[in-house]
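Chains as they are written, first to last, in my numbering: chain D, 8 to 240; chain B, 73 to 342.
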């Protein structure tokens, strides 16, 4: 909705700008954590994986700070209409971004468990899946900062690709395990990695739905979801 | 279906069934001399509902409120066009008894304005002149009942003979509400009823509005957006004499449909 621009109380605009910057920063860290965790997985880089795990603390701290800012914004400015929607969305988004960080951390923690053995074919799919999920996180945070409902909607559509990847990887790993039971441990870890990335896609979608609602006041209608591979099997 | 005057206002959805409509305004314009203060306003106010009017100073919301019990009649230069109905009856019809109308459509003002008389007399005055009580004991009952409904009884029951003006501001306002409900009105108009009160007294007035809603149609003008959001079920936004948007309060404050409404309630106005 077109509005007359800034608030009469300029400090209100500054509060919102700072909040957006903070959430944007969190999004950047989360996105980077996914990239980095996946790179570590590919290259068996244990040192860097430890760093990914350690860096997750930064996200936790930023989440606490952002939450405090939202609470203060609500208390001091009594936001209404789109401001209110944005404040509530921000509160939920910071929680979700923190969760995305946790998934990246979980992936990084699995890196040492993949030691030994040969290449697992599903790995290349996993890399691509991770790239798309990280991109979704990047774009949805952009959409949030720009209050761009259309951009948010496009992110939602891309979650289908992530889900499809998950289904493929699930089947590939299952086949792989049946062929070689010795690989069950490593394959199961990779399955969890895939599940983590699939969850990241879902979370990016949730953020997109909130961004859409904050920007327009309308809810994105429930999109039809593909059958979950775990249910299909 | 009656011939409603088309109004450009955005009304999110029809609010009331025919039976619920207490007051109905159609194409109402108010002029002060040559100046048009209210421009073609049409809206319905429901019984057992609180309707809030919001908008910047000079937007016509108080002027419009005052047309609802013909309070503008007292201003020589004011002229009202259009139709306002109370239970389907045209209140500007020449046959309308204005004194009776104002008993049915009571009013509470921004500044508490008790009569310089005893607390008892403030409340008893209306019922007495309207002949609502047949004797002292019945009048006593009305006074007690009204003060109780206004949430003031416990504080004043032992000093009913003291002057109404000796009460605190918040108590005075509740006395004025007791005075308004003593004549058993159907509609209560409130023009910024809590803006001169401290937060505790304001909370009491809001609680009172909440309780009174079960019996009356209440129409309230307020500058306090949170207050409008808290006490009302329907909210009308006025701007430059026009009704811009009228809808469910929850919708207006979370997802207004008109940019001008949004700009105003989010503090981006002007």
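Ideal Cβ positions, reconstructed from N, Cα and C, are used throughout, including at glycine.
- In this structure, DSSP gives residue 131 of chain B a state outside helix and strand, which the three-state scheme calls coil.
- Under the 9 Å criterion on CB atoms, residue 19 of chain D is classed as interfacial with respect to chain B.
- Residue 178 of chain B is bridged by DSSP to B:260.
- With fewer than 16 other beta carbons inside 10 angstroms of its own, residue 171 of chain B counts as exposed.
- Residue 294 of chain B sits in coil when the DSSP states are folded into three classes, being neither helix nor strand.
- Scanning the segment 227 to 277 of chain B from its first residue to its last, the whole alpha helix (DSSP H) runs of 4-plus residues come out as 241 to 254.
- Of all residues in the segment 88 to 100 of chain D, those with a C-beta nearer than 9 Å to a C-beta of chain B are 88, 89, 90, 91, 92, reading in chain order.
- Rounded to the nearest angstrom, the gap between the Cα atoms of residue 133 of chain D and residue 147 of chain D is 21 Å.
- With distances taken between CA atoms, residue 218 of chain B lies nearest to B:196 out of B:201, B:234, B:196.
- When C-beta distances to chain B are compared with 8 Å, every residue of the segment 123 to 135 of chain D stays at or above that value.
- Under a criterion of Cβ atoms nearer than 7 Å, the residues of chain B adjacent to residue 16 of chain D are, in order, 339.
- When Cβ-Cβ separations below 9 Å define contact, residue 328 of chain B makes contact with chain D.
- In the three-state scheme derived from DSSP, where H, G and I count as helix and E and B as strand, residue 124 of chain B is classed as strand.
- Contact between residue 119 of chain B and residue 92 of chain B holds, with the beta-carbon distance rounding to 6 Å and staying under 8 Å.
- By the Cβ neighbour-count rule, residue 97 of chain D is buried, with 16 or more other Cβ atoms within 10 Å of its own.
- Along the segment 282 to 309 of chain B, going in chain order, the ones with a CB nearer than 7 Å to a CB of chain D are 297, 298.
- DSSP places residue 110 of chain B within a strand segment (E or B) once states are collapsed to three.
- Residue-level contact by beta carbon holds for residue 333 of chain B and chain D, with a gap shorter than 9 Å.
- At least one C-beta of chain D is nearer than 9 Å to the C-beta of residue 325 of chain B.
- With the criterion set as a beta carbon lying under 9 Å from some beta carbon of chain B, the members of the segment 67 to 85 of chain D are 84, 85, in sequence order.
- Residue-level contact check: residue 225 of chain D touches chain B, since one or more beta carbons of chain B fall below 9 Å from its beta carbon.
- Rounded to the nearest angstrom, the gap between the Cα atoms of residue 113 of chain D and residue 169 of chain D is 18 Å.
- Proximity of the segment 135 to 144 of chain B to the segment 224 to 232 of chain B falls short of the contact definition, fewer than three beta-carbon pairs being nearer than 8 Å.
- In this structure, DSSP gives residue 127 of chain D a state outside helix and strand, which the three-state scheme calls coil.
- Contacts between residue 13 of chain D and chain B, judged by CB atoms closer than 9 Å, involve 340 in chain order.
- Collapsing the DSSP output to three states places residue 307 of chain B in a strand.
- With contact defined as three or more Cβ pairs closer than 8 Å, the segment 77 to 96 of chain D and the segment 44 to 61 of chain D are not in contact.
- Fewer than three beta-carbon pairs drawn from the segment 185 to 195 of chain D and the segment 62 to 78 of chain D are found closer than 8 Å, and the two stretches are therefore not classed as touching.
- Three or more beta-carbon pairs separated by less than 8 Å link the segment 182 to 189 of chain B to the segment 248 to 267 of chain B, which places the two stretches in contact.
- Membership of residue 154 of chain B in the beta strand (DSSP E) is indicated by the continuous run 150 to 158.
- Between the segment 47 to 61 of chain D and the segment 165 to 185 of chain D there are fewer than three inter-stretch CB-CB distances shorter than 8 Å, so the stretches are not counted as touching.
- As DSSP reads the structure, residue 95 of chain B sits in a beta bridge with B:117, B:158.
- Setting aside the 5 residues that flank it on each side, residue 127 of chain B is surrounded in the same chain by 133, 309, 310, 311, each with a C-beta closer than 6 Å to its C-beta; the list follows chain order.
- Listed as beta-bridge partners of residue 144 of chain D by DSSP are no residues whatsoever.
- For residue 316 of chain B, the enclosing beta strand (DSSP E) has its first and last residue at 314 to 320.
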